[in-house]
Ligand SMILES: C[S@@+](CC[C@H](N)C(=O)[O-])C[C@H]1O[C@@H](n2cnc3c(N)ncnc32)[C@H](O)[C@@H]1O
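Residue numbers (my numbering): 1 to 232.
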């Protein structure tokens, strides 16, 4: 995990390698840290992520960067057909879903054009090597009218909440992560928010990749965001 300890964040192929090996390493305790770190709030956010797809029962949804499969589980609970894709074999081995899982790069999914009714992606936008490439791939695999629902961390706007959130995310989370799992990984994860473009630009990028009806909802007092859109 050497790359992730450096003050500057890795890019390109270095980022891909560093992110994959980090998730391979933290996979066994990933779910536990997630629950503790978000005070269990991520469960409600995931429900909303799936609800906002607004798809009919039996629709096929690709959960890209599925990790240990929390969103796949929620998709199945909501009577949707889920297939998970992730590039970390460690995360897939630690997964706890009955949905089919595929080891694959989200920027190059091994599926036909227009084959999905929906795409979900949870807490992974900041981990990919290129967001425009990811959004273009979402657009390729979705049928026209298909829906995308993207859950990601965010920065609160209110200065007071922002200060508290910054302290919690950058100082407390690495300690919790260090106690339960790996400190350097949970120091990197808050720092990796720097990869995320500002909200307006994020929505613009989605529009440039062929999506319409783009909406952004702030969750957890600004600590998370849910972005939805429809494939034109
Ligand atoms: C923070 S975890 C989120 C996992 C899961 N979606 C969740 O909501 O808990 C980020 C995941 O993105 C995966 N990932 C990052 N870049 C990827 C890519 N290009 N293709 C597929 N998976 C990727 C990592 O392996 C990791 O499992």
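Glycine residues also receive a C-beta, built at the ideal position from the N, C-alpha and C atoms.
Owing to the predicted nature of the structure, the values given are computational and were not obtained by experimental measurement.
Own chain, CB closer than 6 Å to residue i, minus 5 neighbours either side, in chain order
i: residue 75; result: 50, 61, 82
i: residue 149; result: 49, 52, 53, 120, 228
i: residue 27; result: 90, 91, 94
i: residue 114; result: 143
Nearest neighbour of residue i, chosen from the options [CA to CA]
i: residue 25; options: 11, 92, 41, 85; result: 92
i: residue 153; options: 29, 99, 175, 192; result: 192
i: residue 139; options: 209, 43, 67; result: 209
i: residue 4; options: 116, 185, 57; result: 185
i: residue 67; options: 77, 102, 171; result: 102
i: residue 158; options: 205, 135, 221, 100; result: 221
i: residue 163; options: 203, 127, 223; result: 223
i: residue 202; options: 58, 161, 56, 134; result: 134
i: residue 47; options: 19, 65, 32, 79; result: 79
i: residue 207; options: 84, 136, 174; result: 136
i: residue 219; options: 22, 20, 41, 13; result: 41
i: residue 71; options: 13, 169, 31; result: 31
Buried/exposed call for residue i, threshold 16 Cβ in 10 Å
i: residue 108; result: exposed
i: residue 165; result: buried
i: residue 213; result: exposed
i: residue 73; result: buried
i: residue 167; result: exposed
i: residue 118; result: buried
i: residue 33; result: buried
i: residue 172; result: exposed
i: residue 8; result: exposed
i: residue 190; result: buried
i: residue 84; result: buried
Residue i and residue j closer than 7 Å at C-beta
i: residue 38; j: residue 69; result: no
i: residue 63; j: residue 87; result: no
i: residue 181; j: residue 29; result: yes
i: residue 146; j: residue 216; result: no
i: residue 151; j: residue 122; result: yes
i: residue 195; j: residue 126; result: yes
i: residue 183; j: residue 197; result: no
Whole-number beta carbon distance between residue j and residue i, since they are thought to touch under 8 Å
i: residue 129; j: residue 15; result: 6 Å
i: residue 143; j: residue 116; result: 7 Å
i: residue 45; j: residue 226; result: 7 Å
i: residue 205; j: residue 100; result: About 29 Å; that fails the 8 Å criterion.
i: residue 56; j: residue 124; result: About 26 Å separates the two Cβ atoms, so there is no contact after all.
Chain C within 7 Å of residue i, Cβ atoms only
i: residue 73; result: Looking at the structure shown, chain C is missing, and only one protein chain is on hand.
Own chain partners of residue i with C-beta closer than 8 Å, once the 5 adjacent residues on each side are dropped
i: residue 199; result: 154, 216, 225
i: residue 249; result: Nothing can be reported for residue 249, as the shown portion of the chain is limited to 1 through 232.
7 Å Cβ shell around residue i - same chain, five flanking residues per side excluded
i: residue 156; result: 162, 165, 221, 222, 223
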